[in-house]
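Chemist: Got a structure here, written out as C-alpha cells. Questions coming.
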Amino acid sequence: MPVARLHDFRWYLWGPALLVAVGVLVPLSYLVLRAFQGDAGELADLVLRRRNLRLLGNTLGLTAGVLLLTSAIAFPLAWLVARTDIKGKPFVTLLGVLPLAVPGYVMAYALMASTGPSGLLSGLHLPRPSGYAGAWLALGLYTFPYLFLNLRAALLGLDPALEDAAQSLGYSNREVARRVVLPQLRPAFFAGGLLIALHVLGDFGVVSLMRFETFSYAIYLQYAAAFDRVYAAWLALMLLSLTGVMLLLEMRLLRGRRYERTGSGSARTTSMSPLGRWTAPAYGFVGLVGMAGVALPVSTVVYWLGRGVEHGRWSDLLSAFLDSCSAALPAAVLATALALPVAYLSVRKPSWPARAAERIAYLGYATPPLAFALALIFFTLRSAPFLYQSLGLLIAAYALHFMAEAIGPVRSALYQAPVRIQEAARNLGRSPLRAFFEGTFPLLRGSLGAGMALVFLSALKELPITFLLSPLGFRSLAMGVWGAASESLFSVAAPYALVLMATSTALVGLLLRKA
Amino acid sequence: MRCLIAVLAMFLVLPFAACTSDSGGSGGDGDPLVIYSGRKSVLVDPLVEQFTEATGIAVEVRSGSDAELVAALQEEGDASPADLYWANTAGALGVAGEAGLFSQLPDSILSKPDGYVPSSGLWVPVTVRFRVMAYDPGRVTPEFLPASVMDLPDNDAFRGQIGWTPTYSSFQDFITAMREIHGEEATRNWIEGMKALEPKAYPSNTPMLEAMMAGEIMVGLTNHYYVLRVVHGGDDDLRDDPTVATHHFGAGDTGNLALVTGAGLLNTSTQTEKALAFLSFLLSEDAQSFAAETVREYPVVRAATVPDYLLPFDEAVALGPEFDFDRLRNLEGTLDLLREKGLL
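Chains as they are written, first to last, in my numbering: chain A, 1 to 515; chain B, 1001 to 1344.
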C-alpha cells in the first residue's frame, strides 16, 4: 500500500499544521502592511539602496562561514560520540549541547572580555575579535550544537546492516563512509544546517555586539536609532525572501528520498570502532571544543560574579527562575506537539500543502523576533485583546517562533522509522492514531526530547518577544542578565546568567538521557 | 519516561501556582499604574518600590529597550495598557512626542525641574548624564588636560594612551552632536586627528576603565557614571585611592554633552492622577537625591542633595553645550562617517 494513502484527511494532523501556517503567516502579513506604508518614491529609494547589496553580501558571507565552522566542529564530535569507543560519552554529548545554554550575547561578551590587552587571557596575546571574525567565531561556537544533535541522532539511528552489505561488496571503510553513511546523514545535515543558517540570518545579539552589518543588525538599527518601522519592515522582508530561497533549496535537495529500514527484524547495535592512534587528537579536540564553547563563557560569568559588591536579591532570582520556566517549558511542549504532526505530514504524506506547512514553520523561525512580537501585538489587540500580555500569548509566540527547532530531530527520526511496523499495527485492526502511537511513537521519543530541549533553551534565552509580549511584571532570567550586563553591572548580571545556564544544563541532561 | 513526564508536569504546574498566589497579594486600590520603561530594571526598581511604599499605589513595570517600547506603543495604539513611558534617551522621547503618544503635561509637573525642560512640554526630564574624560591621576596632572574636546587631537603626549569606544551608543551620540554643532568637516578632521594619536578602541566603557586601572591608557572618553560606578561601586581601597578620575571640559563644550533621561504621560492613560503622582515623586527632592546617590546620575532639581563626588547643580547645568536633543536622531550620518574612517 502506498505510504500516502495510509491516512485520509485527519483533523489531528491538519489542525496543528493549519494553526502553524496561520500563526506564522499572520505576522508576515503585518510586515507587508508596514512595508507599504510609505509613499512610492520613498519605497523605491529604500529598496534599491546600494547599502542593501552590501548587507546581502555580508549576510551570505557570514552564513556560509558559520556553516563551515559548525560542520568542522559538529561532524567529528558526532562521529566520536556515535561511532567510536571514546570514554565518557554522556559528558562529551553534554559538552556538545551546552553552548546552546549560553545566550549569544554572553558568548560575545565572553570572547571580547577574555581577549585583547586587558582580558582574562591577556597572556596569550589574542587579538580582540570583532567584525566578521568575531561574529563568525561567536555564532559558530554557540550554534554548532544544532548540527551536532541532529547528526548524532541520525548516526545512532543508522542500521549498520547497510554498511555491512557495502563492506561485503568490497568497499573500503572510507568508501563506506562516503557512499553509504554520509548520504544517510543528509536529512540531519540539512535540518541542522538550516537551523544554523536561519539562526545566523536572524541573530542580532551577536552581530550588534561585534558590529558586523548584516540584515538583522540593520533592522535593529532602524528600530533602535532611526525608529523607522517602514525601512525595518522592508529589510525584514528582504531577509525573509533570502530565507525563502534557502528553504526551497533544501526542499529540492531532500525531495523523494527514503531513509528507513526495510529489512525484517530489529536493527543490530552498531559496533564502536576503536580510536587507536586517534586517541590523543580526539580527546584534544573534545577538550578544545569544551574550553571554547563552555568553559570560556562560564568562567567569564564567574569572573563577573567575583568582581563587584553590588548583587541582586535572592527572591528576585527565584522569581525570575520561576517566570522563565513557566513560559519556556510549556512552550517547549507545545512546540514539539505542533512539530510532530507537521513533520509527520511532510515525511509520510508528502503533498504540497504538507511541505508548505513545514516550510512555513521555518519561515516563522527566520522572522526577526522584534518584528514577530510587534505583529502579534498588532493582531492580538485587534482580534482578541483579552489575550494581550497574557502568559498564554507569550507561550504561543515562543512555540510558533521556535518550533522549527523541534521539526528537525523529529523529521530525521521519522525518515528512519520503518513504516512497516505501523502498517502491521493497522493490519492488526488498530486505528490509525493507535497504530502510530504503538508502532512509530516509541521510536521518536529520543528525538521529541531533543526537539523539546532545543526549544526550551531558545525560549529561555529569548529577549525581544519576552520584553514585548510577557505579562506585566514578568521577569525572566534572560531579562535579568541583559538588563544588568548592558549597564555594565556585571556582578548583578552574573547570578542570573549562572542560574540560566544551570537550568538549561539540568533540563538538557534530563531530556537527552533518553535520546 | 514516566519519571520524565512527572518532573515536567511539576515544572509546569509550580509556576502557575506561584503566579496565582502573587496576584492575590498586590496592595493599593484599583488597577496598578503601568509604566513602560526603556531604562534598565536595576535603575528603576528601587524608585518604584519607594513610590509604592510612600503612596500605596501599586506599579507594574514593563522593561525593554527604548526602540522596542516606542514601536510597541505605536502598535498598541489606543489599546495600550500603559500610563507612563520612562525613557533612557531624549531621542526616544522626541519620537514618542512626534508620534502623538504623549499628553501635554501640566505646569505643576513642568515647573519642578530647574533645567532641561523641552519646549514642547510633552515630557519631563528626570536625570542627566554627562560625557566626560576619565584619566589616571597617578600619571596625568589635571592641569595638563585640554579645556575642549576639540583640542584633544593636539595633545601629542597622549599618543597611544587614549581610550575610546567608537561602537558604543553614547560615543556615537557625542559624534552626532559634534557634527550638528561643529559641522561635518570639523568632525572628520577631529576623528582623523584622534586616529593619528593611535587611540585604543574598547567595546564598552567598563573594560576601557579597567584597562586604565591596569595602566594600559592614561585618558579615555566615557560617560560620567561609569567612572563613578567603578570608583564608588567597587571596594573601599579604590574609593580611598582612586586610580581613575573625572575631567570635565570647559563649560558649554561639546565634550560635556548632556544625555537626558525623562518620562511622559501617555494619551492612553486611564489613571492620569496616579501617573502624575509618580512623575511628581520622581522629581521630588528625596527621589532625586536617592537617584543621585544610587544610580549616580545628576538630578534635574536644584534642591536635591548630591554626593560629594558629583558637581553642584548649577555647575552641572552650565557644563553641557546648548543643543537641541532632537538633533541626536541623525545617527545614520554618524555611522557612515565612523565606517568611512574604519572605526566600525
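Where a beta carbon is used, it is the ideal one built from N, C-alpha and C, also for glycine.
#1: Excluding the 5 residues preceding and the 5 following Q1271 (chain B) in the sequence, name in chain order all residues of the same chain whose CB lies nearer than 8 Å to its CB.
#2: Please report the Cβ distance between Y146 (chain A) and I196 (chain A), rounded to the nearest whole angstrom; I am assuming they are in contact, meaning their Cβ atoms lie under 8 Å.
#3: Name the DSSP bridge partner or partners of I1035 (chain B)?
#4: Look up V1070 (chain B) in the DSSP assignment and say whether it is helix, strand or coil.
#5: Any chance the segment 291-300 of chain A sits against the segment 444-457 of chain A, with 3 or more Cβ pairs inside 8 Å?
#6: From P409 (chain A) to L340 (chain A), what distance separates their C-alpha atoms?
#7: Assess contact between the segment 1081-1095 of chain B and the segment 1322-1329 of chain B, defined as three or more Cβ pairs (one per stretch) separated by less than 8 Å. Is contact present?
#8: Just checking: is the beta-carbon of S565 (chain A) within a distance shorter than 8 Å of some beta-carbon in chain B?
#9: Check N1155 (chain B) in the structure and name its three-state DSSP category.
#10: What three-state label does DSSP hand G1025 (chain B) in the structure shown?
#11: Which word fits W352 (chain A), buried or exposed, when buried means at least 16 other C-beta atoms lie within 10 angstroms of its C-beta?
#12: Which residues does DSSP list as the beta-bridge partners of V24 (chain A)?
#13: Does the beta-carbon of M291 (chain A) have 16 or more other beta-carbons within 10 angstroms, so that it is buried, or is it exposed?
#14: Using a Cβ-Cβ cut-off of 6 Å (strictly less than) and excluding sequence neighbours within five positions of S1119 (chain B), which residues of its own chain qualify?
#15: Are the CB atoms of K1200 (chain B) and G1163 (chain B) nearer to each other than 8 Å?
#16: Who are the Cβ neighbours of W11 (chain A) in its own chain at under 6 Å, not counting the five residues just before and after it?
#17: Taking the alpha-carbon positions, what's the L394 (chain A) to I1057 (chain B) distance?
#18: Quick check: the segment 1038-1058 of chain B against the segment 351-366 of chain A, are there 3 or more CB pairs under 8 Å?
#19: Would a C-beta distance cut-off of 8 Å place A154 (chain A) and S412 (chain A) closer than the cut-off?
#20: I'd like to check one pair, A399 (chain A) with A331 (chain A): are the Cβ atoms closer than 8 Å?
#21: Mind checking if S1063 (chain B) is an interface residue toward chain A, Cβ cutoff 8 Å exclusive?
#22: Output needed for Y1168 (chain B): all residues of its chain with C-beta closer than 7 Å, excluding positions within five of it in sequence on either side, in chain order.
#23: For the segment 450-465 of chain A, which residues have a beta carbon sitting closer than 8 Å to at least one beta carbon of chain B?
#24: Tell me where the beta strand (DSSP E) around M1133 (chain B) begins and ends.
#25: Please confirm whether I360 (chain A) has its beta-carbon closer than 8 Å to some beta-carbon of chain B.
#26: Taking DSSP's pairing of strands, which residues face H1232 (chain B) in a bridge?
#27: I need the DSSP call for V81 (chain A), collapsed to helix, strand or coil.
#28: Excluding the 5 residues preceding and the 5 following F148 (chain A) in the sequence, name in chain order all residues of the same chain whose CB lies nearer than 6 Å to its CB.
#29: Just tell me which of B:L1197, B:N1155 and B:D1151 has its CA closest to the CA of M1178 (chain B).
#30: How is S504 (chain A) classed by DSSP in three states: helix, strand or coil?
#31: G473 (chain A) CB to nearest chain B CB: under 8 Å?
#32: Could you list which residues in chain B have their beta carbon closer than 8 Å to that of A224 (chain A), in chain order?
#33: What residue from B:Q1288, B:V1317, B:L1209 and B:G1250 has the CA that sits closest to T1305 (chain B)'s CA?
#34: Label W314 (chain A) either buried or exposed according to how many other C-beta atoms from any shown protein chain fall within 10 Å of its C-beta, with 16 as the threshold for buried.
#35: Just to confirm, is the Cβ distance from L414 (chain A) to V508 (chain A) under 8 Å?
#36: At 7 Å on the CB atoms, spell out the chain A contacts of V1117 (chain B), in chain order.
Modeler: Looking at the atomic coordinates:
#1: Excluding sequence neighbours, Q1271 (chain B) sits near G1030, D1031, L1033 and D1083.
#2: 5 Å
#3: DSSP output for I1035 (chain B) lists B:V1061 and B:L1084 as bridge partner(s).
#4: helix
#5: no
#6: Each residue's alpha carbon lies about 10 Å from the other.
#7: yes
#8: The structure shown does not extend to residue 565 (chain A), since chain A spans only 1 to 515, so no value can be given for it.
#9: The answer is coil: DSSP assigns N1155 (chain B) none of H, G, I, E or B.
#10: Because G1025 (chain B) sits at a pLDDT of 36, beneath the cut-off of 50, its placement in the model cannot be relied upon, and the following sentence gives the value as read from the coordinates. Shown here, G1025 (chain B) sits in coil according to DSSP, grouped into three states, outside any helix or strand.
#11: exposed
#12: Answer is none; V24 (chain A) lacks a bridge partner.
#13: exposed
#14: none
#15: yes
#16: none
#17: 27 Å
#18: no
#19: Yes, Cβ-Cβ distance for A154 (chain A) and S412 (chain A) is below 8 Å.
#20: yes
#21: yes
#22: S1204 and N1205
#23: P464
#24: Taken as a continuous stretch (DSSP letters only), the beta strand (DSSP E) holding M1133 (chain B) covers V1124 to Y1135.
#25: Taking Cβ atoms only, chain B never reaches closer than 8 Å to I360 (chain A), which makes this a no.
#26: DSSP links H1232 (chain B) through a beta bridge to no other residue.
#27: helix
#28: A74, L77, A78 and G96
#29: B:D1151
#30: helix
#31: yes
#32: What A224 (chain A) touches in chain B: S1065, D1066 and A1067.
#33: B:Q1288
#34: Answer is exposed; the Cβ neighbour count stays below 16.
#35: no
#36: By Cβ distance, chain A contributes nothing, its closest Cβ being about 22 Å from V1117 (chain B), past 7 Å.
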